[in-house]
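Taking it in order: structure first as structure tokens, then the write-up.
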Amino acid sequence: MIQIEASPEEIYDIELEHSLLEANAKIAQDNREKLDRHGITAIDFMGAIGSGKTTLITRLVEKLKDRTGVAVFNGDATTSSDGDPIAAMGVPIVQIATINGCHLDANVVAKACAKIDLDKISLIFIENIGNLICPAEFPLGSKARVVVVSVTEGPYMVRKHPHMFLGAQLVVINKIELAETMEVSVEKLIDDVHKLKPDLRVIPTSCKTGAGLDDVAMAILAV
Amino acid sequence: MHELSIASNLVESVLEFANSPPPKKVLKVLLQIGELTCVEPEQLQFCYSAVVQETAIEDSTLEIERVPAEVACPHCGYSGPPKYWDDALAAAPVATLQCPTCGKAAETTHGHDCTIRTIRYVEQQPE
Numbered sequence: 004m005i006q007i008e009a010s011p012e013e014i015y016d017i018e019l020e021h022s023l024l025e026a027n028a029k030i031a032q033d034n035r036e037k038l039d040r041h042g043i044t045a046i047d048f049m050g051a052i053g054s055g056k057t058t059l060i061t062r063l064v065e066k067l068k069d070r071t072g073v074a075v076f077n078g079d080a081t082t083s084s085d086g087d088p089i090a091a092m093g094v095p096i097v098q099i100a101t102i103n104g105c106h107l108d109a110n111v112v113a114k115a116c117a118k119i120d121l122d123k124i125s126l127i128f129i130e131n132i133g134n135l136i137c138p139a140e141f142p143l144g145s146k147a148r149v150v151v152v153s154v155t156e157g158p159y160m161v162r163k164h165p166h167m168f169l170g171a172q173l174v175v176i177n178k179i180e181l182a183e184t185m186e187v188s189v190e191k192l193i194d195d196v197h198k199l200k201p202d203l204r205v206i207p208t209s210c211k212t213g214a215g216l217d218d219v220a221m222a223i224l225a226v
Numbered sequence: 194m195h196e197l198s199i200a201s202n203l204v205e206s207v208l209e210f211a212n213s214p215p216p217k218k219v220l221k222v223l224l225q226i227g228e229l230t231c232v233e234p235e236q237l238q239f240c241y242s243a244v245v246q247e248t249a250i251e252d253s254t255l256e257i258e259r260v261p262a263e264v265a266c267p268h269c270g271y272s273g274p275p276k277y278w279d280d281a282l283a284a285a286p287v288a289t290l291q292c293p294t295c296g297k298a299a300e301t302t303h304g305h306d307c308t309i310r311t312i313r314y315v316e317q318q319p320e
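Protein chains in written order, with our numbering: chain A, 4 to 226; chain B, 194 to 320.
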């Protein structure tokens with residue numbers, strides 16, 4: 004341990020106001036402007052592992068691909084298996100393998116944008132890493148952030164992860180066909196979301212029965 | 194563990210400052226973290242101490258100051274501390290965007306910081 008010996012007059016304080024999240028926020032802003040110039044809306048899907056983000060995006064792509072040019076950016080820490088059914092539909096998909104693992108950042112989204120023909124696309128679905136904490140601090144340049152929670156994650160998902168919801172524009176409560184089995188109240192989850200953010204839209208869905216999917220698709224087209 | 198990427202970013206910025214002439218010895222870094230910023234101070238401290246090892250600032254300390262959240266309501270004009278959700282399952286009451294006065298949706302005005310406020314240092318004398 005090195006001891007610093009200095010009389011008080013030799014000690015300086017420099018005021019900086021240097022934001023550590025600004026570098027990412029700036030690239031996110033650049034992404035947003037670039038996408039806006041091409042008339043593209045990007046939607047960022049966040050949620051825990053197993054909440055059904057991939058299946059939800061796949062259903063939405065099925066519904067929307069004939070109406071508008073869709074692309075998918077698939078963030079995944081290790082595998083590339085998530086993207087395959089989407090690629091089979093002939094929709095451009097970019098796999099983003101993250102090194103740090105816990106969230107996508109604006110820089111990798113900028114790189115992904117460079118890999119597709121932006122003139123043929125008007126909607127990009129970005130699937131974030133399955134994590135309900137880290138992505139909240141890293142905007143990507145999307146026009147809306149969607150949080151996907153499922154009833155299989157138990158009754159306390161919202162109150163355990165409030166930060167994610169504060170920054171979201173839409174919440175999807177997925178796998179509602181299992182709510183009764185899981186003894187989880189969808190109404191209570193919706194109520195929890197509204198305690199945090201009263202005007203946040205919540206759509207209950209089931210990718211199995213198709214319930215609510217048209218509403219999600221319409222909400223996304225209206226963004 | 195985004196605290197690690199934030200700590201790396203922080204150390205990089207402080208090193209850049211420390212290495213710019215004249216030579217400086219950094220004693221303390223004061224960081225402000227907003228109440229609404231999803232950064233765990235203890236984890237950040239740990240990551241900082243790990244990242245600074247074997248760098249020019251390895252003897253510096255990190256001080257973290259929490260910045261309280263504030264909201265403004267476009268519906269009723271309220272401005273001030275947010276409404277807290279007491280029985281949420283977080284370690285501490287959770288700040289919400291429900292207006293404390295009218296209950297409609299408020300917007301955050303403070304509490305998203307993650308900012309280097311000051312760096313305390315001494316100028317090093319040439320030996």
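Glycine included, every Cβ here is placed at the ideal spot set by N, Cα and C.
Of all Cβ atoms in chain A, is any one closer than 9 Å to the Cβ of residue i?
| i | result |
| --- | --- |
| Tyr314 (chain B) | yes |
| Phe210 (chain B) | yes |
| Thr289 (chain B) | yes |
| Arg310 (chain B) | yes |
| Ser272 (chain B) | no |
| His303 (chain B) | no |
| Ala249 (chain B) | no |
| Ala298 (chain B) | yes |
| Ile257 (chain B) | no |
| Ser242 (chain B) | no |
| Thr294 (chain B) | no |
| Cys231 (chain B) | yes |
| Cys269 (chain B) | no |
State yes or no: is the beta carbon of residue i nearer than 9 Å to at least one beta carbon in chain B?
| i | result |
| --- | --- |
| Ala51 (chain A) | no |
| Ser22 (chain A) | yes |
| Asp262 (chain A) | What is shown of chain A runs 4 to 226, which leaves residue 262 (chain A) out entirely. |
| Leu181 (chain A) | no |
| Ala100 (chain A) | no |
| Arg162 (chain A) | yes |
| Leu19 (chain A) | yes |
| Asp16 (chain A) | yes |
| Cys116 (chain A) | no |
| Glu13 (chain A) | yes |
| Leu169 (chain A) | yes |
| Ala139 (chain A) | yes |
| Ile136 (chain A) | yes |
| Lys146 (chain A) | no |
| Lys29 (chain A) | no |
| Pro207 (chain A) | no |
| Leu199 (chain A) | yes |
| Ala222 (chain A) | no |
| Pro165 (chain A) | yes |
Exposed or buried, residue i, counting other C-beta atoms within 10 Å across all chains shown (16 or more means buried)?
| i | result |
| --- | --- |
| Lys217 (chain B) | buried |
| Ser253 (chain B) | buried |
| Ser272 (chain B) | exposed |
| Ser198 (chain B) | buried |
| Ser213 (chain B) | exposed |
| Arg62 (chain A) | buried |
| Gly53 (chain A) | exposed |
| Gln317 (chain B) | exposed |
| Pro261 (chain B) | exposed |
| Gln32 (chain A) | exposed |
| Thr184 (chain A) | exposed |
| Ile89 (chain A) | buried |
| Cys105 (chain A) | buried |
Mapping DSSP to helix, strand and coil, what is residue i?
| i | result |
| --- | --- |
| Ser198 (chain B) | helix |
| His21 (chain A) | strand |
| Gln238 (chain B) | helix |
| Ile179 (chain A) | helix |
| His303 (chain B) | strand |
| Ile127 (chain A) | strand |
| Glu65 (chain A) | helix |
| Pro142 (chain A) | coil |
| Ser153 (chain A) | strand |
| Asp122 (chain A) | helix |
| Ser209 (chain A) | coil |
| Glu258 (chain B) | strand |
| Ile193 (chain A) | helix |
| Gln317 (chain B) | coil |
| Arg204 (chain A) | strand |
| Ala147 (chain A) | strand |
Less than 8 Å between the CB atoms is what I'm expecting for residue i and residue j, so what's the real figure, rounded?
| i | j | result |
| --- | --- | --- |
| Leu203 (chain A) | Pro165 (chain A) | Not a contact, Cβ separation roughly 12 Å. |
| Gly55 (chain A) | Asn134 (chain A) | The Cβ separation is near 15 Å, so there is no contact. |
| Ile136 (chain A) | Cys240 (chain B) | Contact flag wrong, Cβ pair sits at about 15 Å. |
| Pro274 (chain B) | Glu258 (chain B) | Between Glu258 (chain B) and Pro274 (chain B) the Cβ distance is about 17 Å, and since that is not below 8 Å, they are no contact. |
| Met49 (chain A) | Val150 (chain A) | 5 Å |
| Leu107 (chain A) | Ala147 (chain A) | Between Ala147 (chain A) and Leu107 (chain A) the Cβ distance is about 15 Å, and since that is not below 8 Å, they are no contact. |
| Ile60 (chain A) | Thr311 (chain B) | No, Ile60 (chain A) and Thr311 (chain B) are not in contact; Cβ-Cβ is about 44 Å, not under 8 Å. |
>> Counting beta carbon pairs with one atom in the region 28-35 of chain A and one in the region 133-148 of chain A, are three or more of them shorter than 8 Å?
In response: Yes: at least three Cβ pairs fall under 8 Å.
> Does the pairing of the region 208-218 of chain A with the region 292-306 of chain B give three or more beta-carbon distances under 8 Å?
Replying inline: Taking a cut-off of 8 Å for Cβ pairs, the region 208-218 of chain A and the region 292-306 of chain B do not touch, as fewer than three such pairs fall below it.
> Any chance the region 92-110 of chain A sits against the region 64-73 of chain A, with 3 or more Cβ pairs inside 8 Å?
Replying inline: With the cut-off at 8 Å, the region 92-110 of chain A and the region 64-73 of chain A touch.
> If we count Cβ pairs, one from each stretch, closer than 8 Å, do we get three or more for the region 123-137 of chain A versus the region 44-51 of chain A?
Replying inline: In the pairwise beta carbon analysis, the region 123-137 of chain A is classified as touching the region 44-51 of chain A: at least three pairs are separated by under 8 Å.
> Using 8 Å as the threshold, is the region 152-170 of chain A in touch with the region 202-220 of chain B, meaning 3 or more CB pairs across them?
Replying inline: Because the criterion of three Cβ pairs below 8 Å is not met, the region 152-170 of chain A and the region 202-220 of chain B do not touch.
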